[in-house]
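Residue numbers (my numbering): 10 to 272. Backbone N, C-alpha and C fix where the C-beta goes; we use that ideal spot for every residue, glycine too.
Here's what the structure looks like:
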């Protein structure tokens, strides 16, 4: 997993290369917009795009392909590393929502045709431009926790894939858990509220957890039937609203679904 310091250092060092390759990148961006088919590599551990930390650039990437057969070939190495994945076709009308959804996930790059001769990497900011939070209309706020969301995806992918015999895995999981806890304590979240009934709970075995959401997209997955209203809460207030007997919170239950116990 990429740490914030690693990402920052690598991105400064590669800016010159991005400028030199701008002509090729423009053509790739046009193709992403206009091509008839586009495939994304999805993680079965999270039902979200598979996230990957590039070991050289420390970009947090997702993978897309223009051809299904090439996607199956290019992503084979992920299966060999015991990562359960599948391909999802992204049609033209879904492309803007797909790439926009990567922003609150903390993704900063899109790897196109990974493992193929024409492999390219685009920075997400080259594909997507959106209004800055401070420019939003009065009364509107943007709740996002990209660092926490990203770390939860890495953790879920590693926790739920087929284990190997390497002792390195336990160290990686420990580091991810520590980073997750640090980000969680700095966050502001969305909670679901049902009129007349309060806050819904989720059952996991015999325990109850309260769902919380890092951003509005994750809340909307939970609220597909429009049963709930949304409220915003800071980390410091979470303990105050937990129902007696509740073990903790379920972060993005329809995504990474990370259970955090709160004492």
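Nearest neighbour of residue i, chosen from the options [CA to CA]
i, options, result
"residue 245", "198, 75, 66", "198"
"residue 121", "229, 105, 74, 104", "74"
"residue 87", "54, 217, 152, 208", "54"
"residue 153", "49, 190, 221", "221"
"residue 128", "36, 224, 186, 237", "36"
"residue 49", "77, 267, 63", "77"
"residue 150", "123, 125, 225, 166", "225"
"residue 254", "211, 228, 242", "211"
Boundaries (first-last residue) of the beta strand (DSSP E) holding residue i
i, result
"residue 220", "216 to 222"
"residue 198", "197 to 202"
"residue 95", "94 to 98"
N-terminal and C-terminal residue of the alpha helix (DSSP H) that residue i is part of
i, result
"residue 247", "247 to 250"
"residue 225", "225 to 231"
"residue 48", "Premise fails: residue 48 lies in the beta strand (DSSP E), 48 to 52, not in any alpha helix (DSSP H)."
Within 9 Å, strictly: CB atoms of residue i and residue j
i, j, result
"residue 40", "residue 93", "no"
"residue 202", "residue 240", "yes"
"residue 216", "residue 248", "no"
Classification of residue i by the beta-carbon crowding that lies within 10 angstroms, buried from 16 upward
i, result
"residue 161", "buried"
"residue 158", "buried"
"residue 188", "buried"
"residue 351", "One cannot answer for residue 351 here, as it falls past the ends of the chain, which runs 10 to 272."
"residue 18", "Unreliable placement is indicated for residue 18, whose pLDDT of 49 sits below 50; no coordinate value is reported for it."
"residue 264", "buried"
"residue 118", "buried"
"residue 138", "exposed"
"residue 47", "buried"
"residue 89", "exposed"
Inter-residue Cα distance where the pair is residue i and residue j
i, j, result
"residue 29", "residue 132", "Residue placement at residue 29 is flagged as unreliable, the pLDDT there being 44, under the threshold of 50; the coordinate-derived value follows with that caveat. Approximately 14 Å, taken between the alpha carbons."
"residue 99", "residue 44", "10 Å"
"residue 24", "residue 232", "For residue 24, the pLDDT reaches just 42, beneath the cut-off of 50, and the residue's location in the model is therefore unreliable, leaving the point undetermined."
"residue 235", "residue 206", "15 Å"
"residue 143", "residue 82", "43 Å"
"residue 42", "residue 136", "9 Å"
"residue 64", "residue 194", "28 Å"
"residue 192", "residue 204", "30 Å"
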